[in-house]
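Asks: Using UniProt numbering, the first residue of the sequence shown is number 1, and each one after it goes up by one.
We put the CB at the ideal spot given by N, CA and C, even for glycine.
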Amino acid sequence: MRTVAGLMASWLVKCHVGISGTSNRNLICRSWNRLMAKTAQIRLRRAPSPGERDLTSCRVNHVWRPDRRLLIPSAKAGNKILFAMLDEMPISSRGHEFDVAIVGGGPAGLAAGMYLARFLHSVIVVDAGDARAKLIPKSHNCPGFPDGVGGSELLGRLKAQAQRYGAGVVDGRVAGGKKRDGTFVLTTTFGTIRARRVVLATGIVDKAPAIEGLEEAVAAGTVRLCPVCDAYEAVGKRIGVVGPEHLALKEALFLKEYSGQVTLLANYPEDISDAARGMASAGGIEIWDTVEDLVARATGFGVVMADGAPMRELDVVYPAMGSDVRSELAIALGAECDAQGYVLVSRHLETSTAGLYAIGDVAEGLNQIAVAFGHAATAATHIHNALQSRPES
Ligand SMILES: Cc1cc2nc3c(=O)[nH]c(=O)nc-3n(C[C@H](O)[C@H](O)[C@H](O)COP(=O)(O)OP(=O)(O)OC[C@H]3O[C@@H](n4cnc5c(N)ncnc54)[C@H](O)[C@@H]3O)c2cc1C
């Protein structure tokens, strides 16, 4: 565990301190008579001015270093408080109450963490590490990246940005939670954490067909999971769409605007109704309805037909099979979801459980990075105002 030993004296007068029980949560220490740092300790010594609260008896929630690293109390000894870097100490030993706990460290959760840290709140982001964003080989519609950006690179940048301002980003999974006396208590793989507000940014998981080499095909862009994201990259290609007809037909019609060769793939003729066939035909979409297998190749797929017809070729396959929404935690915390499992939210991204927010893919709306960022900004600002007891913005 790295403590603040020796680090504090030079910058102490400039650090910010979060104190519970007062709306003035983050004070500039230079206004204090004396804020002493000894080895890994802060001792609050300030006689209150007339009419002021006695700060020496306040509970200190966290201290921000000028480099925006967040220190939180790790132990107490009388009126001395030991502090340690949030992301360098075992959380299980902390028993700490954060202003905000964010579940999920994809684009939504990390962007919210950055905003809330810049609003000077103590923030922890708990991330299980399988962001949908990690699957993005290269995004070309992420604003600000004219040459595109890979999902892992984007996540790395977002994490660094959140950490720069003091958000703690911790590996782990939140397994359950409850709200008790206005405080959220979350059970995680590393222990229990408490928070005044919780943001769920847990995302969704795409359903995909059992194609051998699926992961590699997604990385190579021969299987694509998000036409809104990357249909542009499939312009003029031979595209196959696989999935239940109500989803696959809709996606195929969308993709038809990008390519003259869009085909619905089915295993059996009875998989596609006459009505769907009529709409496909009207939209110029072909149907191959005896597909036995898709054989991944470096630049596309060989399509094996069950009727013995010669193998056909595709450049790109789009599964249109829906997704599993990771809303279990939202449900456990009492939030309402729609029929597909998306968490229902207000215009501020608050769920039906007060103080619980849902942002990014897990919330109802368009599953996009730019949307996740917008959600993060909106929810974080609403949380900030609520924690400061300011009117809604
Ligand atoms: C192949 C592919 C390409 C895409 N291309 C683009 C594109 O070009 N442009 C675009 O805008 N969008 C694209 N998307 C969509 C984009 O990835 C998502 O919209 C975005 O990742 C949503 O961010 P999120 O933070 O909501 O969820 P995610 O990125 O899925 O992150 C959710 C995080 O929450 C964590 N988590 C879940 N449950 C828990 C728990 N209980 N405890 C702790 N952590 C938990 C997960 O481990 C994960 O890290 C693409 C998606 C795919 C699959």
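Does the distance from the CB of isoleucine 239 to the CB of valine 316 come in under 7 Å?
Replies: Start at 1 with the first residue of the sequence shown, and residue 239 comes out as number 239. Start at 1 with the first residue of the sequence shown, and residue 316 comes out as number 316. Yes, the Cβ-Cβ distance between isoleucine 239 and valine 316 is below 7 Å.
Asks: Sort out for me which residues DSSP pairs leucine 200 with in a bridge.
Replies: Position 200 of the sequence shown, counted from the first residue, corresponds to residue 200. DSSP, once it has assigned bridges, lists Val103, Ala358 as partnering leucine 200.
Asks: Helix, strand or coil: which one does DSSP assign to aspartate 230?
Replies: Numbered from 1 along the sequence shown, position 230 holds the residue referred to as residue 230. Here aspartate 230 sits in helix by DSSP.
Asks: Following the continuous alpha helix (DSSP H) through glycine 374, name the residue where it begins and the one where it ends.
Replies: Taking the sequence shown and counting its residues from 1, one reaches residue 374 at position 374. Glycine 374 -> alpha helix (DSSP H) spans 369-387.
Asks: Heavy atom of ligand 1 less than 6 Å from the Cβ of isoleucine 285, yes or no?
Replies: Taking the first residue of the sequence shown as 1, we reach residue 285 at position 285. False, no ligand heavy atom lies under 6 Å from that Cβ.
Asks: So, valine 304 versus aspartate 293, is the Cβ gap smaller than 7 Å?
Replies: What you label residue 304 is simply residue 304 of the sequence shown in a count that begins at 1. What you label residue 293 is simply residue 293 of the sequence shown in a count that begins at 1. Yes.
Asks: Give the secondary structure of arginine 297 by DSSP, where H, G and I count as helix, E and B as strand, and everything else as coil.
Replies: Within the sequence shown, residue 297 is the residue found at index 297, counting from 1. Three-state result, arginine 297: strand.
Asks: Under three-state DSSP, which class holds isoleucine 239?
Replies: Translated into positions along the sequence shown, residue 239 becomes position 239. Of the three classes helix, strand and coil, the one that applies to isoleucine 239 here is strand, per DSSP.
Asks: At which residues does the alpha helix (DSSP H) containing aspartate 127 begin and terminate?
Replies: Residue numbering aside, residue 127 sits at position 127 when the sequence shown is read from its first letter. Taken as a continuous stretch (DSSP letters only), aspartate 127 belongs to no alpha helix (DSSP H), being part of the beta strand (DSSP E) at 123-127.
Asks: For glutamate 286, which three-state DSSP category applies?
Replies: Here residue 286 corresponds to residue number 286 of the sequence shown, with the count starting at 1. Three-state DSSP puts glutamate 286 in a strand.
Asks: Can you confirm whether leucine 135, when its beta carbon is compared against all beta carbons of chain C, has any partner nearer than 7 Å?
Replies: Among the chains of the structure shown, chain C does not appear; only one protein chain is present.
Asks: Assuming valine 170 and valine 123 are in contact, meaning their beta carbons sit under 8 Å apart, how far apart are those beta carbons, in whole angstroms?
Replies: Your numbering for residue 170 matches position 170 in the sequence shown. Your numbering for residue 123 matches position 123 in the sequence shown. At roughly 11 Å, the Cβ-Cβ gap does not stay under 8 Å, so valine 170 and valine 123 are not in contact.
Asks: Using a Cβ-Cβ cutoff of less than 7 Å, which residues in the same chain neighbour threonine 202 once the five nearest sequence positions on both sides are dropped?
Replies: For the purposes of this step, residue 202 is identified with residue 202 of the sequence shown, where counting begins at 1. Same-chain partners within the cutoff: Val103, Gly104, Arg326, Leu329, Val362.
Asks: Just to confirm, does serine 139 get its C-beta within under 6 Å of one of the non-hydrogen atoms of ligand 1?
Replies: Taking the sequence shown and counting its residues from 1, the one referred to as residue 139 is at position 139. For ligand 1, at least one heavy atom lies less than 6 Å from the Cβ of serine 139.
Asks: For a test of your reading of the model: does the CB of glutamine 368 fall under 6 Å from any non-hydrogen atom of ligand 1? Yes or no.
Replies: By one-based count along the sequence shown, residue 368 stands at place 368. Correct: glutamine 368 has its Cβ closer than 6 Å to ligand 1.
Asks: My assumption, with CB atoms under 8 Å, is that arginine 196 sits in contact with threonine 188. Please give the rounded CB distance.
Replies: Against the sequence shown, residue 196 aligns to sequence position 196. Against the sequence shown, residue 188 aligns to sequence position 188. Between threonine 188 and arginine 196 the Cβ distance is about 17 Å, and since that is not below 8 Å, they are no contact.
Asks: By the DSSP assignment, the beta strand (DSSP E) with phenylalanine 254 in it spans what residues?
Replies: For this step, residue 254 is matched to residue 254 along the sequence shown. First-last for phenylalanine 254: 245-256, but that is the alpha helix (DSSP H), not the beta strand (DSSP E).
Asks: Does the Cβ of isoleucine 124 lie closer than 6 Å to at least one heavy atom of ligand 1?
Replies: Taking the first residue of the sequence shown as 1, we reach residue 124 at position 124. No, the beta carbon of isoleucine 124 sits no closer than 6 Å to any heavy atom of ligand 1.
Asks: Less than 6 Å separating the Cβ of isoleucine 102 from some heavy atom of ligand 1?
Replies: Looking up residue 102 in the sequence shown gives position 102. No, ligand 1 has no heavy atom inside 6 Å of this Cβ.
Asks: Using a Cβ-Cβ cut-off of 6 Å (strictly less than) and excluding sequence neighbours within five positions of glycine 213, which residues of its own chain qualify?
Replies: Along the sequence shown, one-based indexing puts residue 213 at 213. The residues are Ala296.
Asks: For glycine 177 versus leucine 186, is the C-beta distance shorter than 7 Å?
Replies: Your numbering for residue 177 matches position 177 in the sequence shown. Your numbering for residue 186 matches position 186 in the sequence shown. It is a contact, given that the beta carbons lie within the stated cut-off.
Asks: Pull up the DSSP beta-bridge partners for cysteine 337, would you.
Replies: Position 337 of the sequence shown holds residue 337. In the DSSP output, where bridge partners are listed per residue, cysteine 337 has Val343.
Asks: Using 7 Å as the threshold, is the C-beta distance between isoleucine 272 and glutamate 233 below it?
Replies: Position 272 of the sequence shown, counted from the start, is the residue given in the question as residue 272. Position 233 of the sequence shown, counted from the start, is the residue given in the question as residue 233. Against a cut-off of 7 Å, the Cβ pair of glutamate 233 and isoleucine 272 comes out as no contact.
Asks: On the DSSP bridge assignment, give the partners of lysine 179 in chain order.
Replies: In the sequence shown, residue 179 corresponds to position 179, counting from 1. According to DSSP, lysine 179 bridges with Phe184.
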